[in-house]
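Structure, as structure tokens:
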Amino acid sequence: MSQFLYMSGYAAYVWPSIGLTLALLVFNILWARQLTRDAQAEARRRIASEDAS
Amino acid sequence: MNWVWFHRFGSPPYFYAVAGRIVPWLAWPAGLLIVAGLYGGVVMAPPDYQQSDAARIMYVHVPAAYVGLMSYTVMAISAAIGLVWRLKVCHAVAAACAPIGASFTAVCLITGMLWGQPMWGAWWVWDPRLVSMLVLLFFFIGYMGLRGAIDDVQRADRASAVLASVGIINVPIVHYSVVWWNSLHQGASLIRKGGPAMPASMWVPLVLVIFGFTFYFYAVMLVRARAEVLRRDRGGSWVRELLTAPEQPK
Amino acid sequence: MTSRPSLYAAALLILQRDLRLAVRRPGEWLQPVAFFICVTLLFPLALDPAPERLRQLAPAALWIAALLSSVLAIDFLFREDGRDGTLEQFALSGQSFTGLVLAKTLTHWLLTGLPLAVAAPLAAVALGAPTAAIPGVLLALLLGSISLSLLGSIGAGLTLGLRRGGTLVSLIVLPLAIPALVFGAQATDLAIRSEPAAAPLYLLAALAVLGLTLAPVASAAAVRIGLE
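Chains as they are written, first to last, in my numbering: chain L, 46 to 98; chain U, 675 to 924; chain H, 1356 to 1583.
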């Protein structure tokens, strides 16, 4: 296992690359979800204000 | 030929509903392919005979480069369609592509640097491919900058669509000018050319990750495009029906 | 139906009008040239001015200065005419809007690109280039600045009337200008080293022709969008 993590000496390059990529994948998902929530909240606010008036 | 389906796609409520149904069908394969490909590439594939385990960076670097280029293409084509046929949905798709594509391009550059340091002994080498990717990142930044600077949504859509179209014509010119520049300044590329073909244990995981990233891109892009469509049509009656319906969609 | 002048006549009218305006507002075309000379002047001051080193650096200095200067100058292309409604009159005139935008862009090139190309050999000689290099440098800048003006017209059209237009124009135009920079600097370098510079000059000419055919369409579309 430690042999695998060691990456024959390239651990400092291989793992950050993969970690960064996975972080990007997660980040893009969260970002897209947040945009969806924002858009829905905005539309709901607008509907509520229209109904109130 | 019946073009009704095409026009239906141009209608925001239809797009919103269909895209929402498609997203899971893209997201789950994407997850499976990425996990399988990365497992195959990082754990199972043999180390490269020249580059040893450092070559495993390839399994994220190459797919990121591919998705970066693909997303610019998707963005430009969609923007051009939106410009010609004035389809709001196409502009929403183009707007959704840019940040994802920019982030993949940035990751491609950073992983390229992390690969270059142990292999070439330098964080950055003025290799034509690296330079072209950097220029692509600047195209994305310019596109998003223009979009952000224009307050009126319609104008932002159409102006950025012109820029994306100009950009896609320029990408090959920039690429070949940089290749030409490099051949004069630097001699052959540092990346080995015409080396031994990759064994299947190496290219199969690579292809899996490329497909996985592609599915992932379309899934996230559609989620973003849906949000964009909703934001633009927030006063529309279909949005009201959608959000005040008894069973609310997630 | 009143008869309207041909596109050629309209283009000539634009040329005359813009040249007359330029005579009254000399800053618009003098400032970019002054800026160009000023930037090239900075390079020897930032380095030690050993003649051999300066000569190596000259193409890069000339072209980066030319790029920055053209981006700075492009601000003048549509700004005034966009503000006072002239561009809208152009759009309503029934003439080919693309043709009129091209006429404006070429006039702009006469006012900013041409002085740049004329000033470049002087700057090159000051940076240690032999006098035999003058025709090559002049030709490279002449051809290259056409591409720069045309690309700039796209950027200027896209950012028409925007408050934060300045840095955005450079961000949009500079990456597009990379091919012109590569071939232009290469031609200048070969000219300064007294080697045949035909190949990059042909490529620069090809870029200029490509720009002349495609860029006006894009910038006219961009200006129209900006006017809406």
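C-beta atoms are modelled at their ideal positions from N, C-alpha and C, and glycine is treated no differently.
From a predicted model like this one, the values you see are computed outputs, not experimental measurements.
**OP:** Can you tell me which of the three DSSP states Ser1448(H) falls into?
**Re:** Ser1448(H) falls in the coil class under three-state DSSP.
**OP:** Could you work out which residue in Asp1430(H), Ile1489(H), Leu1417(H) is closest to Ser1508(H) when comparing CA atoms only?
**Re:** Distance from the Cα of Ser1508(H) is smallest, within the candidate group Asp1430(H), Ile1489(H), Leu1417(H), for Asp1430(H).
Original post:
Are the C-beta of Val1537(H) and some C-beta of chain U separated by less than 8 Å?
Top reply: Residue-level contact check: Val1537(H) touches chain U, since one or more beta carbons of chain U fall below 8 Å from its beta carbon.
Original post:
Name the residues in the stretch 72-86 of chain L whose C-beta lies less than 8 Å from a C-beta of chain B; which are they?
Top reply: No chain B is present in this structure, whose protein chains are L, U and H.
Original post:
Would you call Ser1525(H) buried or exposed, if buried means 16 or more other Cβ atoms sit within 10 Å of its Cβ?
Top reply: By the neighbour-count criterion, in which a residue is buried when 16 or more other Cβ atoms sit within 10 angstroms of its Cβ, Ser1525(H) is buried.
Subject >> Listed by chain order, chain H residues near Gly819(U) by CB distance under 8 Å >> reply: Near Gly819(U) (Cβ distances below 8 Å), the residues of chain H are Leu1523, Leu1526, Ile1527.
Subject >> Candidates Ala1563(H), Ile1369(H), Ala1540(H): closest to Gln1444(H) by CA position >> reply: Minimum Cα distance to Gln1444(H) is reached at Ile1369(H).
Original post:
Whose C-alpha, out of Leu1569(H), Ala1563(H), Leu1417(H), Asp1439(H), is nearest the C-alpha of Leu1503(H)?
Top reply: The residue with the shortest Cα to Cα distance from Leu1503(H) is Ala1563(H).
Original post:
Within 10 angstroms of its Cβ, does Gln860(U) collect 16 or more other Cβ (buried), or is it exposed?
Top reply: Caution applies to Gln860(U), whose pLDDT of 49 falls short of 50 and renders its modelled position unreliable; the value that the coordinates give is listed next. Gln860(U) is exposed by the Cβ-count criterion.
**OP:** Compute the Euclidean distance between the alpha carbons of Phe689(U) and Leu1497(H), then round it to the nearest angstrom.
**Re:** Phe689(U) and Leu1497(H) have their C-alpha atoms some 50 Å from each other.
Subject >> Simplified DSSP state of Lys867(U), which is helix, strand or coil >> reply: Bear in mind that the predicted position of Lys867(U) carries a pLDDT of just 49, short of 50, making it unreliable; the figure below should be weighed with that in mind. Collapsing the DSSP output to three states places Lys867(U) in coil.
Subject >> Alpha carbon of Leu743(U) to alpha carbon of Gly1566(H), nearest angstrom >> reply: Taking the Cα positions, Leu743(U) is about 24 Å away from Gly1566(H).
**OP:** On a CA-only basis, which of Arg695(U), Val734(U), Ala691(U) is nearest Gly64(L)? Give me that one, please.
**Re:** Among Arg695(U), Val734(U), Ala691(U), the Cα nearest to that of Gly64(L) is on Val734(U).
Original post:
Cβ of Thr888(U) versus every heavy atom of the ligand HEM: is any distance shorter than 7 Å?
Top reply: The ligand HEM is absent from the structure shown, which contains no ligand whatsoever.
Original post:
For Arg905(U) versus Ala97(L), is the C-beta spacing smaller than 8 Å?
Top reply: Result no, Cβ atoms of Arg905(U) and Ala97(L) do not sit closer than 8 Å.
Subject >> Beta carbon of Phe1452(H) nearer than 8 Å to that of Ala1446(H) >> reply: In contact: Phe1452(H) and Ala1446(H) (Cβ atoms closer than 8 Å).
Subject >> Cβ-based contacts, 7 Å cut-off: residues of the stretch 1536-1558 of chain H near chain U >> reply: The stretch 1536-1558 of chain H vs chain U, Cβ under 7 Å: Val1537, Phe1538, Gln1541.
Original post:
What residues are listed by DSSP as bridge partners for Asp722(U)?
Top reply: DSSP, once it has assigned bridges, lists Ser726(U) as partnering Asp722(U).
Subject >> Reduced DSSP secondary structure (H/G/I, E/B, other) of Gly775(U) >> reply: Taken through DSSP and simplified to helix, strand or coil, Gly775(U) comes out as helix.
Subject >> Nearest candidate by alpha-carbon position, reference Pro662(U), set Leu811(U), Gly841(U), Ala693(U) >> reply: As displayed, chain U neither begins before 675 nor continues past 924, which places residue 662(U) out of reach and without an answer.
Original post:
Grouping DSSP H, G and I as helix and E and B as strand, with all else coil, what is Tyr51(L)?
Top reply: In the structure shown, Tyr51(L) sits in a helix (DSSP, three-state: H, G or I).
Original post:
Who are the near neighbours of Pro802(U) in its chain, counting only those whose CB is closer than 6 Å to its CB and skipping five residues on each side?
Top reply: For Pro802(U), where only same-chain residues beyond five positions count, the Cβ hits under 6 Å are Val852, Val853, Asn856.
Subject >> Against chain U: residues of the stretch 1419-1452 of chain H by CB proximity under 9 Å >> reply: Those residues of the stretch 1419-1452 of chain H placed with their C-beta closer than 9 Å to a C-beta in chain U do not exist.
**OP:** Report the rounded CA-to-CA distance for Leu700(U) versus Leu706(U), giving the unit in angstroms.
**Re:** Using only the alpha carbons, I get a separation of about 10 Å.
Original post:
On the premise that Met793(U) lies in contact with Ala728(U), defined as a C-beta separation below 8 Å, what is that separation, rounded to the nearest angstrom?
Top reply: Rounded, the Cβ-Cβ distance is 6 Å, consistent with contact.
**OP:** State yes or no: is the C-beta of Ile1547(H) within less than 8 Å of the C-beta of Ala1481(H)?
**Re:** Result no, Cβ atoms of Ile1547(H) and Ala1481(H) do not sit closer than 8 Å.
**OP:** Hey, could you find the ends of the alpha helix (DSSP H) Gly1516(H) is sitting in?
**Re:** Element bounds for Gly1516(H): n/a, residue is neither H nor E.
**OP:** Check Asp1373(H) in the structure and name its three-state DSSP category.
**Re:** Correct three-state label for Asp1373(H): helix.
Subject >> Neighbour list for Gln791(U) in chain L, Cβ cutoff strictly below 7 Å >> reply: Under the 7 Å cutoff, chain L gives Tyr58.
Original post:
If you scan the stretch 744-818 of chain U from start to end, which runs of the alpha helix (DSSP H) of 4 or more residues do you find wholly inside it?
Top reply: Correct list: 762-794.
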